[in-house]
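Enquirer:
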Ligand SMILES: [Zn+2]
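In the numbering used here, the protein residues as written are 17 to 234.
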């Protein structure tokens, strides 16, 4: 599958997709989402339907990632989404498209889904990243394999509990971590101080607020 924005003037929304079966077809993929006018797109992104296209020849469902601007006044959303494949290009400051000046940069669909869930709950994503940092530290300390690639995602808020999934501690298994909302309040009280302190300021400074910006050593 070929992933990458087609930047023909005047037909920005039509992307040329090449399937694994080599079939080439055009797909309508938006480069902007406004939750004020299209609130239904929130659920569509979170449940994974958004940007899914079906190959007309082999019927395979493809999920290409394209740069996307996302806004929503009631949730305070002002994001620019960068495809996962452009992660390193972005970190080297070498993207060949404009991101504008969004409040947040989000990289890859999983991060986008996570961020939307946080904003939907009207929570502060910096605070969630700090909690993830503590969880990551604990997870890294608990594994013997120094090469372990551990990922943590906020999944949902259930009553007074925040649920996180931790991947990579054991192969093919997901650890579920439940954190009391009290912890969120505690971190939140301190967030301005954290913004000025290492290592927190490294990953809390906008626009890319993510623990993926820090490497935690065992
Ligand atoms: Zn196909």
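Note that CB positions come from ideal geometry on N, CA and C, so glycine has one too. Only a predicted model underlies this, so the values are computations on that prediction, with no experimental measurement involved.
Which runs of the beta strand (DSSP E) fall wholly inside the stretch 131–167 and span at least 3 residues, in chain order?
Expert: Taking only runs of at least 3 residues, no beta strand (DSSP E) segment lies wholly in the stretch 131–167.
Enquirer: Nearest-angstrom Cα distance between residue 178 and residue 40?
Expert: As a first step, residue 178 must be located in the chain shown, where it is residue number 162. As a first step, residue 40 must be located in the chain shown, where it is residue number 24. Whole-angstrom Cα-Cα distance: 43 Å.
Enquirer: Taking DSSP's pairing of strands, which residues face residue 181 in a bridge?
Expert: Counting from one through the chain shown, the residue named residue 181 turns up at place 165. Its beta-bridge partners are 169 and 192.
Enquirer: Contact between the stretch 199–214 and the stretch 142–155 is defined here as three or more beta-carbon pairs at a separation below 8 Å; is this criterion met?
Expert: Yes, the stretch 199–214 is in contact with the stretch 142–155.
Enquirer: Taking the Cβ atom as the reference point for each residue, do residue 96 and residue 70 lie within a distance shorter than 8 Å?
Expert: Residue numbering aside, residue 96 sits at position 80 when the chain shown is read from its first letter. Residue numbering aside, residue 70 sits at position 54 when the chain shown is read from its first letter. Not a contact, by the Cβ cut-off of 8 Å.
Enquirer: Between the Cα of residue 63 and those of 146, 84 and 125, spot the shortest distance and give me the residue it belongs to.
Expert: Walking along the chain shown from the start, residue 63 turns up at place 47. Checking every option, the nearest Cα to that of residue 63 belongs to 125.
Enquirer: Could you tell me if the beta carbon of residue 76 falls within a distance shorter than 7 Å of some heavy atom in ligand 1?
Expert: Along the chain shown, one-based indexing puts residue 76 at 60. Because some heavy atom of ligand 1 lies under 7 Å away, the Cβ of residue 76 counts as near it: yes.
Enquirer: What three-state label does DSSP hand residue 95 in the structure shown?
Expert: Walking along the chain shown from the start, residue 95 turns up at place 79. Correct three-state label for residue 95: strand.
Enquirer: Between the alpha carbons of residue 67 and residue 58, how many angstroms are there, rounded?
Expert: Stepping through the chain shown from its first residue, residue 67 is reached at position 51. Stepping through the chain shown from its first residue, residue 58 is reached at position 42. Rounded to the nearest angstrom, the two C-alpha atoms are 12 Å apart.
Enquirer: Terminal residues of the continuous alpha helix (DSSP H) containing residue 57?
Expert: Residue mapping note: residue 57 aligns to position 41 of the chain shown, counting from 1. That run of the alpha helix (DSSP H) goes 56–62.
Enquirer: Give me, in chain order, the residues of the same chain whose beta-carbon lies closer than 8 Å to that of residue 196; leave out the 5 immediate sequence neighbours on both sides.
Expert: As a working mapping, residue 196 is identified with position 180 in the chain shown. For residue 196, where only same-chain residues beyond five positions count, the Cβ hits under 8 Å are 176, 177 and 178.
Enquirer: Let me check one thing: in DSSP terms, what residues is residue 88 bridge-paired to?
Expert: Working through the chain shown from its first residue, we reach residue 88 at position 72. Answer is 93, bridged to residue 88.
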